[in-house]
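A.B. asks: Right, I'll just put the structure down here and ask away after.
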Amino acid sequence: MKRHHAVVRITHWVNVIALTIMVGSGLRIFNAYPAFARRGETFCCYPFEHRAIPANLTFGGWLAGARNWHFAMMWVLGINGLVYLAFIYLHGEWRDLVPRRGIVRDAWEMVKFYLTVRKDHPRQGKHNALQRLAYFAMPIVGIMAVVTGIAIWKPVQLAWLTNLMGGYVWARYWHFWAMLLLVILTVGHIFMVFTVDPYSIPSIITGKYRPELSPEARNARPLVHLLPPRHEPPAGA
Amino acid sequence: MSRQPEHNAPSTRPPSHAAERLGLDRRRFLAAASGALGTLALAACDSMGPRSAKRILMLAESGNETIERVLFHHSAMDVPRASAKAAGSHFPAYFVSDTVPIWDESLNGVWRLEVGGLVRQPLTLSLSDLAGLPRTGYKLDHFCVEGWTAVATRTGVRLADLAKLAGVQPGARYVDFQSFDSDYHESWDIESAMHPQTLIVYAQDGHYLNAAWGAPARVYSPVKLGYKNTKYLTRIMFLPERNGGYWSDRGYEWYGGV
Chain Z
11 MKRHHAVVRI
21 THWVNVIALT
31 IMVGSGLRIF
41 NAYPAFARRG
51 ETFCCYPFEH
61 RAIPANLTFG
71 GWLAGARNWH
81 FAMMWVLGIN
91 GLVYLAFIYL
101 HGEWRDLVPR
111 RGIVRDAWEM
121 VKFYLTVRKD
131 HPRQGKHNAL
141 QRLAYFAMPI
151 VGIMAVVTGI
161 AIWKPVQLAW
171 LTNLMGGYVW
181 ARYWHFWAML
191 LLVILTVGHI
201 FMVFTVDPYS
211 IPSIITGKYR
221 PELSPEARNA
231 RPLVHLLPPR
241 HEPPAGA
Chain H
2 MSRQPEHNAP
12 STRPPSHAAE
22 RLGLDRRRFL
32 AAASGALGTL
42 ALAACDSMGP
52 RSAKRILMLA
62 ESGNETIERV
72 LFHHSAMDVP
82 RASAKAAGSH
92 FPAYFVSDTV
102 PIWDESLNGV
112 WRLEVGGLVR
122 QPLTLSLSDL
132 AGLPRTGYKL
142 DHFCVEGWTA
152 VATRTGVRLA
162 DLAKLAGVQP
172 GARYVDFQSF
182 DSDYHESWDI
192 ESAMHPQTLI
202 VYAQDGHYLN
212 AAWGAPARVY
222 SPVKLGYKNT
232 KYLTRIMFLP
242 ERNGGYWSDR
252 GYEWYGGV
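The structure is reproduced here in structure tokens:
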């Protein structure tokens with residue numbers, strides 16, 4: 011039994027490429043005017059107005075190059091996202107991702123475990139409660155990124171959409187936040203993969219997964235119990 | 002790589018030191034992590050991306066243009082937020098020449114705007130001719146390709162009115178706006194040019210344009226990004242084919258719709 015269906019594995023890696031290019035080119039576009047204020051106004055809610063993002067975090071080389079990449083890759087990101095969502099809906103994987111009753115309590119138990127307040131790993135299904143929340147949030151923030159992106163692409167032809175977000179300046183601000191949240195979720199995800207469950211890496215490439223090496227089986231928190239468990243139970247458990 | 006020996010023979014080895022155990026995995030972790038980061042760095046680093054991608058990007062641009070043209074409606078009008086302050090003197094000046102382009106009457110004679118190409122009646126209009134035509138003014142957003150916006154009141158003549166006056170022929174599908182700002186020009190699709198908010202502007206915020214903002218006249222429409230709106234106008238040509246543009250020829254989208 012594969013842990014992740016081929017469709018999930020492929021859309022995951024397409025998403026890695028698309029999102030990397032979208033964020034990089036988006037930051038390059040942002041650097042053409044690294045501020046939100048309308049000309050002649052000030053903007054309340056961004057402390058780094060007129061300070062550029064470091065160029066080596068950007069992609070596209072110059073404004074036009076970055077725009078061309080952004081407006082091409084948006085289709086890959088959008089279509090890939092739709093394929094993924096349609097698949098998990100039709101195939102049932104959404105059940106592992108939507109928050110269930112008690113998710114907040116379960117998530118709190120995970121936090122307590124990671125903070126070593128709690129000794130034993132909470133019981134879980136395919137994902138723990140924090141993962142469920144993160145993987146559920148990811149597509150929602152992704153949709154937010156797409157919708158705010160459309161709003162700043164067509165603020166006149168689709169003015170109703172832009173106005174829904176408080177106008178062009180705010181739509182641009184929400185688009186920036188959507189990017190930031192996606193980056194935060196992604197960085198957290200990568201950190202947890204490498205420090206808690208590196209054995210899950212094959213499961214997103216070939217689909218193969220060894221349940222006996224799951225974080226729950228190893229009682230693993232970040233950088234703790236990274237190695238497989240001995241046959242005898244670890245001391246203190 | 003197999004991890005079996007370690008897993009199967011724990012009892013034959015002394016209990017390994019925790020740091021050693023961690024170290025082993027950390028090495029692996031670092032190798033994998035640096036590989037992943039390397040890939041990202043390769044993709045980023047302010048590069049323009051692989052050259053071979055250029056054709057795909059151009060394909061995407063023409064696909065986007067098709068969608069943008071479908072989305073385009075003359076009934077979609079720009080209305081700035083009620084709370085938006087006019088940029089006034091903060092409105093950026095922009096031109097491609099080394100110095101502010103100023104029409105030199107002693108060299109070129111009195112400035113006149115030509116309307117030509119596929120028209121029954123070519124026009125040559127002085128500034129007072131323009132000012133004498135039916136006047137339209139809007140408070141409008143300006144959408145710069147760089148991402149900033151600015152609000153100003155633009156006053157001038159609807160291009161649709163000028164087109165009627167000149168008797169544009171059915172074969173005219175594009176309009177080229179030419180200037181005396183070096184070789185700056187940008188061509189548009191005729192649908193955008195005939196939008197009711199597409200104006201030949203000679204006044205901004207109630208005053209005749211100053212040299213920094215494109216005097217004596219410029220095209221302005223909120224349905225196009227700033228760079229499509231040629232300043233320092235000399236000629237408006239109705240054409241059967243598109244004629245590129247200063248920035249469109251340098252890699253920016255030709256359509257540049259908003």
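Residue numbers (our numbering), protein chains in the order written: chain Z, 11 to 247; chain H, 2 to 259. Ideal placement from N, C-alpha and C gives every residue a C-beta, glycine not left out. Since the model is a prediction, treat every value here as computed from it, not as a measurement.
From which residue to which residue does the alpha helix (DSSP H) around Z:Tyr178 run?
C.D. replies: Position 168 of the first sequence, counting from 1, holds the residue named residue 178 of chain Z. 178-205 is the extent of the alpha helix (DSSP H) around Z:Tyr178.
A.B. asks: How close, in whole Å, do the beta carbons of H:Leu166 and H:Leu124 come, if the pair is a contact with beta carbons under 8 Å?
C.D. replies: Mapped onto the second sequence, residue 166 of chain H falls at position 165. Mapped onto the second sequence, residue 124 of chain H falls at position 123. Sure, about 6 Å apart at Cβ, within 8 Å.
A.B. asks: Which stretch, first to last residue, makes up the beta strand (DSSP E) that contains H:Leu126?
C.D. replies: Numbered from 1 along the second sequence, position 125 holds the residue referred to as residue 126 of chain H. That run of the beta strand (DSSP E) goes 124-126.
A.B. asks: What did DSSP end up calling H:Ser190 once you bin it into helix, strand or coil?
C.D. replies: Here residue 190 of chain H is taken as the residue at index 189 of the second sequence, counted from 1. With the sequence shown as reference, residue 190 of chain H is identified as Asp, and Ser is not the correct amino acid for it. Residue state, collapsed to three classes: strand.
A.B. asks: Output yes if chain H places a C-beta closer than 8 Å to the C-beta of Z:Tyr43; else output no.
C.D. replies: Here residue 43 of chain Z refers to the residue found at position 33 of the first sequence. Yes, because at least one Cβ of chain H sits closer than 8 Å to the Cβ of Z:Tyr43.
A.B. asks: What residue range does the beta strand (DSSP E) around H:Val152 cover?
C.D. replies: If you number the second sequence from 1, residue 152 of chain H lands on position 151. Note, H:Val152: beta strand (DSSP E), 150-159.
A.B. asks: Using beta carbons (cut-off 8 Å, strictly below), is H:Leu160 in contact with chain Z?
C.D. replies: By one-based count along the second sequence, residue 160 of chain H stands at place 159. No - not a single Cβ of chain Z is within 8 Å of the one on H:Leu160.
A.B. asks: Compile a chain-ordered list of the residues in the stretch 222-244 of chain H whose CB is closer than 7 Å to at least one CB of chain Z.
C.D. replies: Hits within the stretch, in order: Pro223, Val224.
A.B. asks: Can you look up Z:Glu59 in the DSSP assignment and give me helix, strand or coil?
C.D. replies: Mapped onto the first sequence, residue 59 of chain Z falls at position 49. Note: Z:Glu59 maps to coil in three-state DSSP.
A.B. asks: CB-CB under 7 Å to H:Ala259, same chain, minus the five flanking residues each way: which ones, in chain order?
C.D. replies: Along the second sequence, one-based indexing puts residue 259 of chain H at 258. In the sequence as presented, Ala is not what sits at residue 259 of chain H; that position holds Val. Cβ neighbours of H:Val259 beyond the five flanking positions: Phe144, Pro223, Val224, Lys225, Leu226.
A.B. asks: Alpha carbon to alpha carbon, what distance is there between H:Asp105 and H:Gly257?
C.D. replies: Stepping through the second sequence from its first residue, residue 257 of chain H is reached at position 256. Stepping through the second sequence from its first residue, residue 105 of chain H is reached at position 104. One C-alpha to the other measures close to 31 Å.
A.B. asks: Quick check on this structure: which residue in Z:Leu100, Z:Ile214, Z:Tyr209 has the alpha carbon closest to the alpha carbon of Z:Leu223?
C.D. replies: Taking the first sequence and counting its residues from 1, one reaches residue 223 of chain Z at position 213. For Z:Leu223, the nearest C-alpha among the options comes from Z:Tyr209.
A.B. asks: Classify Z:Ala117: buried if its beta carbon has 16 or more other beta carbons within 10 angstroms, exposed otherwise.
C.D. replies: For the purposes of this step, residue 117 of chain Z is identified with residue 107 of the first sequence, where counting begins at 1. When all chains shown are included, Z:Ala117 counts as buried.
A.B. asks: Anyone know if the C-beta pair for H:Val97 and H:Ala213 falls short of 8 Å?
C.D. replies: Numbered from its first residue, the second sequence carries residue 97 of chain H at position 96. Numbered from its first residue, the second sequence carries residue 213 of chain H at position 212. No; because the gap between Cβ atoms is not below 8 Å, this pair is not in contact.
A.B. asks: Quick one, which residues of the stretch 180-211 of chain Z are near chain H if we go by CB-CB under 7 Å, in chain order?
C.D. replies: Listed by position, the residues of the stretch 180-211 of chain Z near chain H (Cβ gap below 7 Å) are Arg182, Phe204, Pro208.
A.B. asks: Could you tell me the distance, in whole angstroms, from the CA atom of H:Pro81 to the CA atom of Z:Gly91?
C.D. replies: Stepping through the second sequence from its first residue, residue 81 of chain H is reached at position 80. Stepping through the first sequence from its first residue, residue 91 of chain Z is reached at position 81. About 33 Å.
A.B. asks: Residues of chain H with CB under 9 Å from Z:Leu85, in chain order?
C.D. replies: On the first sequence, residue 85 of chain Z is found 75 positions in, with the first residue counted as 1. One detail in the question is off: residue 85 of chain Z reads as Trp in this sequence, not Leu. Per Cβ cutoff of 9 Å: Ala61, Gly64, Asn65.
A.B. asks: Tell me whether Z:His131 is buried or exposed, calling it buried when 16 or more other Cβ atoms sit within 10 Å of its Cβ.
C.D. replies: Here residue 131 of chain Z refers to the residue found at position 121 when the first sequence is read from its first residue. Flag for Z:His131 reads buried.
A.B. asks: Taking C-alpha atoms, which residue in H:Trp149, H:Ile237, H:Gly215, H:Ser129 lies nearest to H:Val176?
C.D. replies: By one-based count along the second sequence, residue 176 of chain H stands at place 175. Answer by Cα proximity: H:Ile237.
A.B. asks: Within this structure, are the beta carbons of H:Gly118 and H:Leu240 separated by less than 8 Å?
C.D. replies: The residue you call residue 118 of chain H lines up with position 117 of the second sequence. The residue you call residue 240 of chain H lines up with position 239 of the second sequence. Cβ distance < 8 Å, so H:Gly118 and H:Leu240 count as in contact.
A.B. asks: Report the three-state DSSP secondary structure of Z:His101 (helix, strand or coil).
C.D. replies: Numbered from its first residue, the first sequence carries residue 101 of chain Z at position 91. Three-state DSSP puts Z:His101 in a helix.
A.B. asks: Name, please, each residue of chain Z whose Cβ falls closer than 8 Å to the Cβ of H:Leu72.
C.D. replies: Indexing the second sequence from 1 puts residue 72 of chain H at position 71. Going along chain Z in sequence order, the residues near H:Leu72 (Cβ under 8 Å) are Lys164, Gln167, Leu168.
A.B. asks: Check the C-beta distance from Z:Lys164 over to H:Leu72 and give it rounded, since I have them as a contact under 8 Å.
C.D. replies: Numbered from 1 along the first sequence, position 154 holds the residue referred to as residue 164 of chain Z. Numbered from 1 along the second sequence, position 71 holds the residue referred to as residue 72 of chain H. Confirmed, about 6 Å.
A.B. asks: Compare the beta carbon distance of Z:Arg142 and Z:Pro109 with 8 Å and say whether it is the shorter of the two.
C.D. replies: On the first sequence, position 132 is the one that residue 142 of chain Z refers to. On the first sequence, position 99 is the one that residue 109 of chain Z refers to. Taking 8 Å as the Cβ cut-off, Z:Arg142 and Z:Pro109 qualify as a contacting pair.
A.B. asks: May I ask you to list, following chain order, the residues of the stretch 46-62 of chain Z that have a beta carbon less than 7 Å from some beta carbon of chain H?
C.D. replies: Under the 7 Å Cβ criterion, the stretch 46-62 of chain Z contributes Arg48, Arg49, Gly50, Glu51.
A.B. asks: So with CB distances below 7 Å, who are the chain H contacts of Z:Ala82?
C.D. replies: As a working mapping, residue 82 of chain Z is identified with position 72 in the first sequence. Under the 7 Å cutoff, chain H gives Ile57, Leu58, Ala61.
A.B. asks: So that I know if they touch, is there some Cβ in chain H lying closer than 8 Å to that of Z:Phe123?
C.D. replies: Here residue 123 of chain Z corresponds to residue number 113 of the first sequence, with the count starting at 1. So no, Z:Phe123 is outside the interface.
A.B. asks: Taking all protein chains shown into account, decide if H:Pro217 is buried (16 or more other Cβ within 10 angstroms of its Cβ) or exposed.
C.D. replies: The sequence position of residue 217 of chain H within the second sequence is 216, counting from 1. H:Pro217 comes out buried.
A.B. asks: In the DSSP assignment, what are the bridge partners of H:Ser180?
C.D. replies: As a working mapping, residue 180 of chain H is identified with position 179 in the second sequence. Note: H:Ser180 sits in a beta bridge opposite H:Leu234.
A.B. asks: For Z:Tyr56 and Z:Ala147, what's the separation of their Cα atoms in angstroms?
C.D. replies: As a first step, residue 56 of chain Z must be located in the first sequence, where it is residue number 46. As a first step, residue 147 of chain Z must be located in the first sequence, where it is residue number 137. If I take the Cα positions, the gap works out to 23 Å.
A.B. asks: Decide yes or no for the touch test of the stretch 82-89 of chain Z against the stretch 24-32 of chain Z: beta carbon pairs closer than 8 Å, at least 3 of them.
C.D. replies: Touching, yes.
A.B. asks: Can you confirm whether H:Thr137, when its beta carbon is compared against all beta carbons of chain Z, has any partner nearer than 8 Å?
C.D. replies: Locating residue 137 of chain H in the second sequence gives position 136, counting from the first residue. H:Thr137 does not count as touching chain Z.
A.B. asks: Which first and last residues belong to the alpha helix (DSSP H) in which H:Thr67 is found?
C.D. replies: Taking the second sequence and counting its residues from 1, one reaches residue 67 of chain H at position 66. Start and end: 55-72.
A.B. asks: For the stretch 86-102 of chain H, which residues have a beta carbon sitting closer than 9 Å to at least one beta carbon of chain Z?
C.D. replies: Hits within the stretch, in order: Lys86, Ala87, Ala88, Gly89, Ser90, His91, Phe92, Pro93.
A.B. asks: According to the Cβ coordinates, are Z:Leu192 and Z:Ala155 closer than 8 Å?
C.D. replies: On the first sequence, residue 192 of chain Z is found 182 positions in, with the first residue counted as 1. On the first sequence, residue 155 of chain Z is found 145 positions in, with the first residue counted as 1. For Z:Leu192 and Z:Ala155, yes; Cβs fall inside 8 Å.
A.B. asks: Between H:Asn211 and H:Tyr221, how many whole angstroms is the CB-CB distance? I'm expecting something under 8 Å.
C.D. replies: Taking the first residue of the second sequence as 1, we reach residue 211 of chain H at position 210. Taking the first residue of the second sequence as 1, we reach residue 221 of chain H at position 220. Not confirmed; about 15 Å, so no contact.
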